[in-house]
Amino acid sequence: MMQPSDLDPAAATKEARLKAMLVEDMGSAEEAEALLPVVRQLRTWAFPPTTTGEKGKLMDRLAQELPQPPGDRWQLHSLKWALLLLRAQMRVVQTEIWAASALVMLLGALVTLVAYDPQAGGLAPLAVLAPVVAAAGVALLYDSDLDRILELENATRASAQALLLARLTLVFGFNLMLSMVGSVLLTAIKAEVQLWPLVLSWLFPMAFLSAFTFFLSVVTRDSVVGTAFGFGLWGLHVLLRTTAPPNILVQLLALPGLAAPEARPWLALASALMVAAALRIVEHGRQTGDRV
Amino acid sequence: MVTNEDLAHSIQQGDRDALATLVERHHDALVGYLYRMTAGDRNLAQDLAQEAFLRLIRGIGRYQYPRPFKPWLYAIATNLARDHYKRAIVRWKTVEQDSDGLGDVEDDGEPPEARLEAALEARQIITALGRLPEAQREAMVLRYYQEFSLAEISQTLGIPVGTVKSRLSLGLRRLRDLMLEWDGMR
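Going line by line, the protein sequences match chains R and Y.
The numbering used here applies: residue 1 is where the first sequence begins, and numbers increase by one.
The numbering used here applies: residue 293 is where the second sequence begins, and numbers increase by one.
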């Protein structure tokens, strides 16, 4: 058997290190000594060295994936990328969503203009319709063309989450803008309607209901279910604002505090959580290959 | 010397020089690891090493400084090797039959007989490692070829240090038995 004294200093150091490793692994010097020849033999299996050319090619490939340096240029780049993504997704969202949303919002604004009396209390028709329209648009985003989203994800650097978030931003933003324009016009034409109370009466319910229907659509994989539950919840809430609930269960289902000012932070938080959870589910489904 | 963790942190900021240093530092060793994990398939080891680096760069945004870098890189490589065999429905033992071990021996002027003997020895090691369960083989290669510490193996494979030790101990004993058996047959 080869003795350490037969080895050159570098090999002797290696041998000593190997022995120390074996003692640590086996817990006894005797056992380590017995197994040393096995490890020595293992280590005779060398591997062919790689070439500089191979490393160069790898570096070129990796450099393409290197994150961009931070700074203004990067922020500008991110902003440009986000805008490009939004513009690209605008073409993909079903055109009916834009048209239907605009039409219903216009109707809500007209009815509010003609029939709404702020002195009588209650929700303005615009405030009733705005959350419903936004929620329906957002729910329809999901299941109609998820396969196309996943195909796009394969073809671009954007993730399924980013694509879905872009569409969500577009549709929700569009409805937000319509509702805001409607509210501003209403307050301009009808002096007794105040802008901020009107805006606050639809803004938080709109966010909550949209997030709720989106989340349900993702979880149930069916936009109809998401829309139906969202509409039901909101319908019950609107109805029970003026009518006494038949029982405690219905009263709870109608979310009595939905329009209360103190509920607004909670609605915003719940909305953000539901959207985040839905996007997480989509990403998880993509990773596991499940069509969630 | 700049640590691997500092280099990874710099790569997060888009530092190309840091990336070059990291590749220079780890590429050969990683190919070596994957070479042993793929029963001596050099091309496959190269491909998997490239894929491991690509995944690392794509996921560099998730790197949390100063989390140990090397176990992270090798965990990616280990998963790739495992996935390859799962996906291809090819097992190590069958691959070992394709490898003649001759590619493992450099033509460094040694006589052909010596080269042939080294190749046969390599072949024997490939066969012996192929007889081990995957979990033991991974621990053995990381320990005795890559010279990882027990803690690094534990982090790479996501198992306790005690489990690492028991896998090494079982693996080595099994290898010794195999080698004794073959020596007896010679």
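The C-beta atom is built at its ideal place from N, Cα and C for all residues, glycine as well.
Selection from the options that minimises the alpha carbon distance to residue i
i	options	result
Gly235(R)	Pro125(R), Asp8(R) and Pro9(R)	Pro125(R)
Leu83(R)	Arg167(R), Arg17(R) and Thr187(R)	Arg167(R)
Ile189(R)	Ala270(R), Leu113(R) and Met59(R)	Leu113(R)
Glu426(Y)	Gly351(Y), Phe440(Y) and Leu460(Y)	Leu460(Y)
Pro69(R)	Asp339(Y), His301(Y) and Ile418(Y)	His301(Y)
Val224(R)	Leu269(R), Ala136(R), Met177(R) and Pro197(R)	Ala136(R)
Lys457(Y)	Thr13(R), Leu62(R), Leu110(R) and Met26(R)	Met26(R)
Leu216(R)	Leu239(R), Thr13(R), Leu273(R) and Gln194(R)	Leu273(R)
Leu141(R)	Leu36(R), Val171(R) and Asp117(R)	Val171(R)
Lys19(R)	Ala10(R), Asp8(R), Pro9(R) and Val39(R)	Val39(R)
Gly463(Y)	Val294(Y), Pro363(Y) and Gly422(Y)	Gly422(Y)
Met206(R)	Ala99(R), Leu42(R), Ala134(R) and Leu86(R)	Ala134(R)
Thr295(Y)	Val453(Y), Arg374(Y) and Arg359(Y)	Arg359(Y)
Asp339(Y)	Leu123(R), Lys57(R), Arg87(R) and Leu42(R)	Lys57(R)
Val193(R)	Leu123(R), Leu269(R) and Leu86(R)	Leu123(R)
Ile451(Y)	Glu439(Y), Met471(Y) and Glu430(Y)	Glu430(Y)
For residue j and residue i, believed in contact at Cβ under 8 Å, the rounded distance
i	j	result
Glu297(Y)	Tyr357(Y)	6 Å
Leu66(R)	Gly306(Y)	6 Å
Glu473(Y)	Thr44(R)	Between Thr44(R) and Glu473(Y) the Cβ distance is about 18 Å, and since that is not below 8 Å, they are no contact.
Pro265(R)	Leu209(R)	Not really, about 17 Å apart at Cβ, beyond 8 Å.
Leu424(Y)	Met432(Y)	7 Å
Glu343(Y)	Leu372(Y)	6 Å
Gly164(R)	Leu279(R)	The amino acid at residue 164(R) is misidentified as Gly; the sequence shows Leu. About 6 Å separates the two Cβ atoms, so the contact holds.
Gln428(Y)	Gly353(Y)	The Cβ separation is near 34 Å, so there is no contact.
Val315(Y)	Phe345(Y)	7 Å
Val93(R)	Phe214(R)	Val93(R) to Phe214(R), Cβ: 14 Å. No contact.
Leu185(R)	Ala109(R)	7 Å
Leu22(R)	Leu35(R)	6 Å
Ala211(R)	Ser271(R)	4 Å
Within-9 Å CB hit, residue i to chain A
i	result
Leu18(R)	Absent from the structure is chain A; the protein chains it does hold are R and Y.
- Message: Closer than 7 Å between beta carbons: that is the criterion. Which residues of the stretch 25–51 of chain R meet it against chain Y?
- Response: Asp25, Met26, Leu35, Val38, Val39, Gln41, Leu42, Arg43, Thr44, Trp45, Ala46, Phe47, Pro48, Pro49 and Thr50
- Query: Any residues in the stretch 331–352 of chain Y with a beta carbon nearer than 7 Å to a beta carbon of chain R? Which ones, in chain order?
  - Reply: Arg334, Gln338, Gln342, Phe345, Leu346, Ile349, Arg350 and Ile352
- Okay, do the stretch 159–167 of chain R and the stretch 269–285 of chain R touch, 3+ Cβ pairs below 8 Å being the bar? yes
- Message: Does the stretch 302–322 of chain Y come into contact with the stretch 255–263 of chain R, if we say contact requires no fewer than three beta-carbon pairs (one atom in each stretch) closer than 8 Å?
- Response: no
- Query: Three or more C-beta pairs closer than 8 Å, one from the stretch 447–457 of chain Y and one from the stretch 359–367 of chain Y: is that the case here?
  - Reply: yes
- Which residues, in order along the stretch 403–419 of chain Y, keep a beta-carbon less than 8 Å from a beta-carbon of chain R? Ala410, Glu413, Ala414, Ile417 and Ile418
- Query: Between the stretch 125–138 of chain R and the stretch 195–215 of chain R, do three or more beta carbon pairs fall short of 8 Å?
  - Reply: yes
- Task: Name, going along the chain, the residues of the stretch 194–208 of chain R whose beta-carbon falls closer than 9 Å to a beta-carbon of chain Y.
- Result: none
- Does the pairing of the stretch 52–65 of chain R with the stretch 79–95 of chain R give three or more beta-carbon distances under 8 Å? no
- Message: Counting only Cβ-Cβ distances shorter than 8 Å, please list the residues of the stretch 50–65 of chain R near chain Y, keeping chain order.
- Response: Thr50, Glu54, Lys55, Leu58, Met59, Arg61, Leu62, Ala63 and Glu65
- Just by C-beta distance, which residues in the stretch 449–471 of chain Y are closer than 7 Å to chain R? Lys457, Leu460, Ser461, Leu464, Leu467, Arg468 and Met471
- Query: Relative to chain R, which residues along the stretch 301–312 of chain Y have a C-beta separation below 9 Å, given in chain order?
  - Reply: Ile303, Gln304, Gln305, Gly306, Asp307, Arg308, Leu311 and Ala312
- Determine which residues of the stretch 422–440 of chain Y have a Cβ less than 8 Å from any Cβ of chain R, and write them out in chain order. Met432, Arg435, Tyr436, Tyr437 and Glu439
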